[in-house]
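In full-length UniProt numbering, the protein residues as written are 1 to 483.
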Amino acid sequence: MLLGDLLGTADLGLRPLVLPPGADSRTIVDVYTTDLPDPGRYLAGGELVLTGLVWWSPEAVETFVDAVVVGGAAALGAGEAALDGVPDLLVDACRKRGLPLFAVPASVSFAEITRRVLAEGRPARPVGRRLLAVLAGRAGLNRLLDVAAAELGEPCVVLSPVAGVIAGAAPPEQTELTRAFLAAPRLPTAVGKIRLLAADAPDRHRTVSWFVACPAEPGNADATALAEELAGLVALERARVDAGRRAERRLADQVLRALTAGQDASAELRVAGIAPGTPVKILVSAGKATTLVDEILRTAVPDPVVGYRDGATLAVVPRAGDQLADVLKAGFAAVRSGLGDLRLPTGLSGTVPAGPALFAALEEARHAAGLAAARAEPAAVVTADEIDSHMLLLGSVPDEVRRAYRNRVLGPVLAYDSAHDAELVATLTAFLDHAGSWSRCAEVLHLHVNTVRYRIAKVEQLTNRNLSRLDDRVDLFLALRLG
């Protein structure tokens, strides 16, 4: 029986409280009535879970909902008789995890709901049962996609803006699909002959959401229903992953609480899987983009310790290579169109052994994040290597002083570029980056040497500076870095 059909049974008076997109097409294959605080072990997938809320307490809600989601249940029905309604905390927990929830009036027995479902007012489609069986059997997302592809005639893929391909084969238009998913005013949406559907909790930010790309067949109701059902089942798998990571987050909170309090975090780190002496880096990123930072880090290392403390996302990253800053920059760039006005200046410490050196590394990362915040780009990443350079000095200069200096030194050049599209700033940057070498600058810019000489002469004329002098070069170099 489809969940939408059950909710539409007027005489039962079931009241939807959480109904994510596509949830009404979920197939109910069985009914399980329980008041256990953790019913997960008795769920095989696809069940309608009915509960009288005898187990209820605010402390127990997360455990109960996690168990229902991880068990692969199709929906949760909560009786109103015991508590004279359904608690808001339960509604919020189900909404956060994308679990359909409805209220069962005190006048309706669970036995009557069970009878209606088992009577199969509408038989489940065979392919729907096969998809549910794959998910319940823990065969994995790739097998789930195989079953869907056999029905649709073309492959499907599960993608993430940050992590890329979660399951299936990478489509050639992956970048285009990701941009469309991030930019779509509403979902599902189509890109040519491909349909994109969210496969995650409805309140999760798109930058960290999973989505399904399936062949689009306008007018084919069965194909549309199958795609929606597939997206719903992928969302259940995502919820299982999230439930496992919540335990990791609790450990991370303990580590970061000790670290930010200046306490020895060795015991907490060991519980989190980081032995004393393990080479680690510390990350500090302004703002509460903890999940995004976590997702990006997991593309480079399997077990980052990530949490939110003191108004920033903090992370202890074990066994991180020298390319971690590049990984972060690439991750932020991949979701830039979905960040809006959000700023995520990020600092990264040098590598230190896990232990007392972490306190200095944390301060180093905080200083680097402060430098990143002074840059124009919304998600700048600054490493410890830059702290002992001129950037440390520039980062401490007030914004109004920085702007005034840049405008005074480079203002005429910027204005000339704007009026004539002369690329003087780009030429000056390349010239200084290559230590004033005419030939190397010309080679990089694919210009004749005489063109480079003409442009640099124009810069000197506009700024009243001589680029053969070191002090004038420094003035222009600093003005460029303040942009």
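Beta carbons are placed, not taken as given, at the ideal position from N, Cα and C, and that holds for glycine.
- Task: Thinking Val232 and Arg26 are a contact (beta carbons under 8 Å), I'd like their distance in whole angstroms, please.
- Result: Numbered from 1 along the sequence shown, position 232 holds the residue referred to as residue 232. Numbered from 1 along the sequence shown, position 26 holds the residue referred to as residue 26. Note on residue identity: the sequence assigns Gly, not Val, to residue 232. So it is a contact: roughly 6 Å between Cβ atoms.
- Near Val382, what residues of its chain come up, given a Cβ to Cβ distance below 6 Å and the 5 sequence neighbours on each side ignored? Looking up residue 382 in the sequence shown gives position 382. Answer for Val382: Gly347, Ala368, Leu371 and Ala372, listed in chain order.
- Query: Roughly how many angstroms lie between the CA atoms of Gly277 and Arg195, to the nearest whole one?
  - Reply: One-based indexing of the sequence shown puts residue 277 at position 277. One-based indexing of the sequence shown puts residue 195 at position 195. For Gly277 and Arg195, the distance between alpha carbons rounds to 49 Å.
- Which residues bound the beta strand (DSSP E) around Ile282? Against the sequence shown, residue 282 aligns to sequence position 282. For Ile282, the uninterrupted beta strand (DSSP E) run begins and ends at Pro279 to Ala286, by DSSP.
- Message: Between Pro39 and Val68, how many whole angstroms is the CB-CB distance? I'm expecting something under 8 Å.
- Response: In the sequence shown, the residue the question calls residue 39 occupies position 39. In the sequence shown, the residue the question calls residue 68 occupies position 68. Indeed, because the Cβ distance is near 7 Å, the residues count as touching under 8 Å.
- Message: List, from N- to C-terminal side, the beta strand (DSSP E) runs of 3 residues or more that fit wholly inside the region 342 to 388.
- Response: 346 to 348 and 381 to 383
- Message: Is it the case that the region 329 to 337 contacts the region 233 to 253, given that we only count it when at least three CB pairs across the two stretches are under 8 Å?
- Response: no
- Message: Could you tell me the alpha carbon to alpha carbon distance between Leu414 and Ala221, rounded to whole angstroms?
- Response: Along the sequence shown, one-based indexing puts residue 414 at 414. Along the sequence shown, one-based indexing puts residue 221 at 221. In this structure, the alpha-carbon of Leu414 lies about 57 Å from that of Ala221.
- Item | Cβ distance (whole Å) where Ile28 is taken to contact Gly77 below 8 Å | Residue 28 sits at position 28 when you count from the first residue of the sequence shown. Residue 77 sits at position 77 when you count from the first residue of the sequence shown. That pair is no contact at about 10 Å.
- Query: Is DSSP giving Ser160 helix, strand or coil here?
  - Reply: Stepping through the sequence shown from its first residue, residue 160 is reached at position 160. Three-state result, Ser160: strand.
- Query: What is the DSSP secondary structure of Asp471, reduced to helix, strand or coil?
  - Reply: Your numbering for residue 471 matches position 471 in the sequence shown. Of the three classes helix, strand and coil, the one that applies to Asp471 here is helix, per DSSP.
- Which of helix, strand or coil DSSP assigns to Arg122: The residue given as residue 122 occupies position 122 in the sequence shown. Residue placement at Arg122 is flagged as unreliable, the pLDDT there being 43, under the threshold of 50; a coordinate-derived value is accordingly withheld.
- Item | Continuous beta strand (DSSP E) stretch holding Ile194: start and end | Start at 1 with the first residue of the sequence shown, and residue 194 comes out as number 194. Residue range Ile194 to Ala198 is occupied by the beta strand (DSSP E) that includes Ile194.
- Task: Please list, in chain order, all residues of the same chain as Gly121 whose beta carbon is under 7 Å from its beta carbon, the five residues on each side excluded.
- Result: Indexing the sequence shown from 1 puts residue 121 at position 121. With a pLDDT of only 44 at Gly121, under the threshold of 50, the placement of this residue in the model should not be trusted, and no figure is reported.
- Opposite Ala190 in the DSSP bridges: which residues? As a position in the sequence shown, residue 190 is number 190, starting the count at 1. Bridge partners of Ala190: Arg195.
- Message: Just checking Val352 against the ligand FAD - is the residue's beta carbon closer than 7 Å to any of the ligand's heavy atoms?
- Response: This structure lacks the ligand FAD, and indeed carries no ligand of any kind.
- Cutoff 6 Å; reference Val409; Cβ partners in own chain excluding five residues on either side: In the sequence shown, residue 409 corresponds to position 409, counting from 1. Cβ neighbours of Val409 beyond the five flanking positions: Asp475 and Ala479.
- Message: On a Cα-Cα basis, can you pick out the residue from Pro304, Val280, Pro279 and Lys281 that is closest to Thr290?
- Response: As a working mapping, residue 290 is identified with position 290 in the sequence shown. For the options Pro304, Val280, Pro279 and Lys281, the alpha carbon positioned closest to that of Thr290 is the one of Pro304.
- Message: Less than 8 Å between the C-beta atoms of His434 and Val425, yes or no?
- Response: On the sequence shown, position 434 is the one that residue 434 refers to. On the sequence shown, position 425 is the one that residue 425 refers to. No, the pair does not count as a contact, with Cβ atoms beyond the cut-off.
- Message: Would you call the region 262 to 277 in contact with the region 181 to 199, where contact means no fewer than 3 C-beta pairs closer than 8 Å?
- Response: no
- Message: Let's see if you can read the secondary structure: which residues bound the alpha helix (DSSP H) around Val61?
- Response: As a first step, residue 61 is located in the sequence shown; it is residue number 61 there, counting from the start. Val61 to Val70 is the extent of the alpha helix (DSSP H) around Val61.
- Item | Range of the contiguous alpha helix (DSSP H) that encloses Ala93 | What you label residue 93 is simply residue 93 of the sequence shown in a count that begins at 1. Where Ala93 is concerned, the enclosing alpha helix (DSSP H) stretches over Asp88 to Arg97.
- Task: Tell me whether the beta-carbon of Ala360 lies closer than 8 Å to the beta-carbon of Gly307.
- Result: As a first step, residue 360 is located in the sequence shown; it is residue number 360 there, counting from the start. As a first step, residue 307 is located in the sequence shown; it is residue number 307 there, counting from the start. Remark: C-beta atoms of Ala360 and Gly307 do not approach each other more closely than 8 Å.
- First and last residue of the uninterrupted alpha helix (DSSP H) at Leu226: Residue numbering aside, residue 226 sits at position 226 when the sequence shown is read from its first letter. For Leu226, the enclosing alpha helix (DSSP H) stretches over residues Ala221 to Thr260.
- Message: Between the region 197 to 215 and the region 147 to 159, can you find at least three pairs of beta-carbon atoms closer than 8 Å?
- Response: Contact between the region 147 to 159 and the region 197 to 215 is present, because at least three Cβ pairs lie under 8 Å.
- Since Gly331 and Val162 are thought to touch, with beta carbons under 8 Å apart, how far apart are those beta carbons, to the nearest angstrom? Looking up residue 331 in the sequence shown gives position 331. Looking up residue 162 in the sequence shown gives position 162. Confirmed, Cβ separation roughly 5 Å.
- Query: If you follow the beta strand (DSSP E) that Ala312 is part of, which residue opens it and which one closes it?
  - Reply: For the purposes of this step, residue 312 is taken as the residue at position 312 of the sequence shown. For Ala312, the enclosing beta strand (DSSP E) has its first and last residue at Ala312 to Pro318.
- Query: Secondary structure at Ala167, three-state DSSP: helix, strand or coil?
  - Reply: Taking the sequence shown and counting its residues from 1, the one referred to as residue 167 is at position 167. Note: Ala167 maps to strand in three-state DSSP.
- Query: What did DSSP end up calling Thr9 once you bin it into helix, strand or coil?
  - Reply: The residue you call residue 9 lines up with position 9 of the sequence shown. Coil at Thr9, not helix or strand.
- Message: For residue 551, tell me which candidate among Gly340, Leu482, Pro318 and Val352 has the shortest Cα-Cα distance.
- Response: Not covered by the structure: residue 551. The range shown for the chain is 1 to 483.
- 8 Å Cβ cutoff met for Thr427 and Ile456: In the sequence shown, residue 427 corresponds to position 427, counting from 1. In the sequence shown, residue 456 corresponds to position 456, counting from 1. Closer than 8 Å, so yes.
- Should Pro302 be labelled buried (16 or more other beta-carbon atoms within 10 Å of its own) or exposed? Reading the sequence shown from its first residue, position 302 is the one you call residue 302. Classification of Pro302: exposed, given that the 10 Å Cβ count is below 16.
- Task: Identify the continuous alpha helix (DSSP H) that holds Val147 and give its terminal residues.
- Result: Translated into positions along the sequence shown, residue 147 becomes position 147. Leu141 to Leu152 is the span of the alpha helix (DSSP H), which, as asked, contains Val147.
- For the candidate residues Ala265, Thr178, Ile282 and Leu7, whose alpha-carbon lies nearest to that of Thr313? Within the sequence shown, residue 313 is the residue found at index 313, counting from 1. Comparing Cα-Cα distances from Thr313 to each of Ala265, Thr178, Ile282 and Leu7, the minimum goes to Ile282.
- Task: Please check the pair Leu482 and Arg406, which I expect to be a contact at CB under 8 Å, by giving their CB distance rounded to whole angstroms.
- Result: Residue 482 sits at position 482 when you count from the first residue of the sequence shown. Residue 406 sits at position 406 when you count from the first residue of the sequence shown. Confirmed, about 4 Å.
- Query: Can the beta-carbon of Val284 be found closer than 8 Å to that of Arg204?
  - Reply: Within the sequence shown, residue 284 is the residue found at index 284, counting from 1. Within the sequence shown, residue 204 is the residue found at index 204, counting from 1. No, these two residues do not count as a Cβ contact at 8 Å.
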